[in-house]
Amino acid sequence: MYGFNMGLDKYLLKPVADGYKFITPNFMQTGVTNFFNNLKGINVVLNDLLQGKFEQSASDLGRFTTNSTIGLLGLFDVATDLGLQQNVEDFGQTLAVWGVNQGPYLVLPVLGPTTLRDGGGIVLDKAANPGSYVPGTGIIEGINERANAEGALNFIDEAALDPYVFTRESFLQYRNNLINDGKTDADTFDLDIDEAMEDDGQMASASKKKIKTGSDPVDTQDKLASETLKTENATVEAFDSMSKSFDDALLEFEQASAKMDTISEKRRYKRRR
Amino acid sequence: MTMLRKIYFGFSFLMVFCLSSLAMAEELTARQVVEAFQDQLIDVMRQGKELGFKGRYDKLDAAVKKSHDLPKIARIVVGKQWEELTPEQQAKLEEVFSELSVSAYAHNFKEFSGESFSFVSEEETGRGGVVVHTNLKIPGEKDVKFDYMMKKKDDSWQIINIIADGVSDLALKRSDYTSVLNREGFDKLIAKINEKIESYAKQ
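As you go down the protein sequences, you meet chains A and B in turn. Each residue of the first sequence is one higher than the last, beginning at 5 in this note's numbering. Each residue of the second sequence is one higher than the last, beginning at 30 in this note's numbering.
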């Protein structure tokens with residue numbers, strides 16, 4: 005699915021978004037972005053309340069009313085200049101605050117990376133967004149969102165060795181940060197590093213133990229070691245097969261698009277004749 | 030002659046004394062290390078266009094290597110696999126990883142449009158590390174939170190992880206690198222890193 009989305013993006017969404025960026029003046033793009041952001045305002049206030057963030061909900065309600073009136077239906081983001089910062093809240097986050105598990109990571113067609121929990125949230129988000137009830141706005145919103153995501157997508161392209169894994173990891177971390185509202189516990193910073201260091205430590209202590217204990221308990225330790233190795237191998241294998249199937253899908257898609265290219269080229273050739 | 034020798038010795042003592050006190054003075058706090066590095070970044074951004082990629086790379090090379098514990102980061106990003114690499118492979122990984130890190134900085138911080146870093150707070154972690162919280166202000170855009178995880182190495186503080194708006198660079202790289210390493214092996218990992226270095230240098 006990831007490969008399909010990337011192909012779709014490369015051959016359809018990116019050209020359309022690039023065209024949109026090319027023909028529309030900058031101030032209009034900002035206006036369109038502001039407009040759709042403002043429509044999400046109702047949803048943000050609703051989710052503030054559902055998460056028990058009453059102070060923030062007051063500020064977000066103020067934001068929505070200011071931008072909808074003085075900001076001419078949200079085309080201008082006056083509220084930010086007045087000091088009412090935009091908050092990002094949605095049903096996915098509310099479900100997380102309520103204790104719903106994240107569930108598996110999913111890559112949906114067109115919509116892209118999400119989790120089972122966030123996927124459920126998206127349905128409610130759409131229902132609470134007035135824009136969803138006006139036909140055609142979804143397409144404009146989508147084009148605009150793709151145009152705004154240009155920077156992030158370029159960054160993935162530039163930095164990732166394995167774009168699928170890179171996207172998954174950064175998406176999950178980004179969502180977690182939104183759920184926690186950017187609050188972090190200092191000790192969580194240790195976790196990443198400790199995990200790596202503990203691996204080292206365990207290896208070192210394991211080898212030390214072997215030297216200390218001498219001959220008899222070595223057997224059991226070796227058994228243990230080989231068992232853990234086995235389980236590790238199993239997970240690695242599972243991961244391998246999964247990523248292989250992704251690769252295959254990507255490959256198929258590339259082949260298909262290569263065919264499309266040749267077909268269109270032939271057509272062009274014929275036309276010229 | 031003896032007189033001269035005495036003066037000479039006196040001078041050398043003085044020199045040693047001065048140098049050692051200089052060395053003492055150079056021992057910076059975690060916050061100072063981060064701020065010195067951020068100043069250098071902003072400085073390079075200001076001259077970004079005139080310097081070009083090569084110029085930015087040369088200026089940042091020393092700054093990044095001094096403030097980041099790159100060997101340790103390179104080690105963490107490949108996880109458990111580190112132990113299975115030969116010493117030559119470990120050295121190779123450290124080398125290309127350093128080059129990639131400096132290239133990424135030289136590529137991502139290439140122009141200046143009024144950005145500035147500001148210190149927010151500092152806190153100690155349970156295991157003797159320090160987290161320095163800072164904000165990157167970009168005019169007309171939302172602030173980006175930059176949190177630096179610092180560890181002490183040989184009496185000086187060094188950056189070991191950067192968390193930008195809650196996304197941990199180390200965790201991200203770790204999944205990315207171990208995935209390539211598990212599926213495609215060491216040589217492919219190095220080849221891919223080299224590809225990235227090349228594409229950073231091009232733009």
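Glycine included, C-beta positions come from ideal geometry on N, C-alpha and C. Model, not experiment: these values are computed from the prediction.
Against chain B, the CB of Leu79/A has no partner CB under 8 Å away; the residue lies outside that interface. As the crow flies, the alpha-carbon of Ala151/A is around 14 Å from that of Phe31/A.
Trp102/A counts as exposed, since fewer than 16 other beta carbons sit within 10 angstroms of its beta carbon. Between Gly66/A and Leu43/A, the C-beta spacing is not below 8 Å. The three-state secondary structure of Thr34/A, taken from DSSP, is helix. Annotation for Met179/B: the continuous beta strand (DSSP E) segment containing it runs 173–182. The CB of Gln177/A comes closer than 8 Å to the CB of Gly195, Val196, Ser197, Ala200, Leu201 in chain B, given here in chain order.
At a cut-off of 4 residues, the continuous stretches assigned as alpha helix (DSSP H) that sit fully inside the region 135–221 of chain B are 198–213.
Each residue's CA atom was taken as its position, placing Pro100/B and Ile160/A some 24 Å apart. The residues Gln118, in chain order, have a CB closer than 6 Å to that of Phe215/B in the same chain once the five nearest residues on each side in sequence are set aside. In the structure shown, Leu86/A adopts coil according to DSSP, grouped into three states. Burial is judged here by how many other beta carbons sit within 10 angstroms of a residue's own beta carbon; Val73/B has at least 16 and is buried. In this structure, DSSP gives Gly116/A an extended state, which the three-state scheme calls strand. Boundaries of the alpha helix (DSSP H) harbouring Val73/B: 59–75, taken from the DSSP string.
Taking each of Asp185/A, Asn41/A, Gln55/A in turn and checking the Cα distance to Phe80/A, the smallest one comes out for Asn41/A.
Taking a Cβ-Cβ cut-off of 9 Å, the neighbours of Gly186/A in chain B comprise Lys174, Asp194, Gly195, given in sequence order.
Annotation for Asn91/A: Val48, Gln60, Asp64 place their beta carbon closer than 7 Å to its own, counting only its chain and skipping 5 residues before and after. A contact between stretches requires three or more CB pairs, one per stretch, nearer than 8 Å, and the region 105–119 of chain B fails this requirement with the region 133–149 of chain B. Taking 8 Å as the cut-off, the beta carbon of Gly195/B is found closer than this to the beta carbon of Gly186/A. Nearest neighbour of Ala156/A by Cα position, chosen from Asp87/B, Asn137/B, Gln110/B, Ala92/B, turns out to be Asn137/B.
If you check each beta-carbon in the region 34–49 of chain A against every beta-carbon of chain B, none falls closer than 8 Å.
Per the DSSP secondary-structure output, Tyr109/A pairs in a beta bridge with Thr119/A. In terms of CA proximity to Leu54/A, Gly125/A leads the group Val111/A, Gly125/A, Gly107/A.
About 11 Å separates the Cβ atoms of Val209/B and Lys225/B, ruling out a contact at the 8 Å cut-off. Against chain A, the beta carbon of Val149/B has no neighbour under 9 Å; the closest one sits roughly 11 Å away. Closest in alpha carbon position to Ile46/A, among Ala153/A, Thr70/A, Pro29/A, Gly107/A, is Thr70/A.
Along the region 90–103 of chain B, there is no position whose C-beta sits under 8 Å from a C-beta of chain A. The Cβ-Cβ distance between Val107/B and Leu122/B falls below 8 Å. Only buried fits Pro117/A, as 16 or more other CB atoms lie within 10 angstroms of its CB.
At a beta-carbon threshold of 7 Å, the residues of chain B lying near Asp166/A are Asp205, Ser208, Val209, ordered along the chain.
Rounded to whole angstroms, the Cβ separation of Asn9/A and Pro113/A is 7 Å, and the two are in contact under 8 Å. In the DSSP annotation of this structure, the continuous segment of the alpha helix (DSSP H) that includes Lys18/A starts and ends at 18–27. Separation of Leu128/A and Ser96/B (C-alpha to C-alpha, rounded to the nearest whole angstrom) is 46 Å. The beta carbons of Leu165/A and Tyr206/B sit closer together than 8 Å. Identification of chain B residues near Val169/A by a Cβ-Cβ cut-off of 7 Å yields Ser204, Asp205, Ser208, ordered along the chain. Arg104/B and Val131/B have their C-alpha atoms spaced approximately 17 Å apart.
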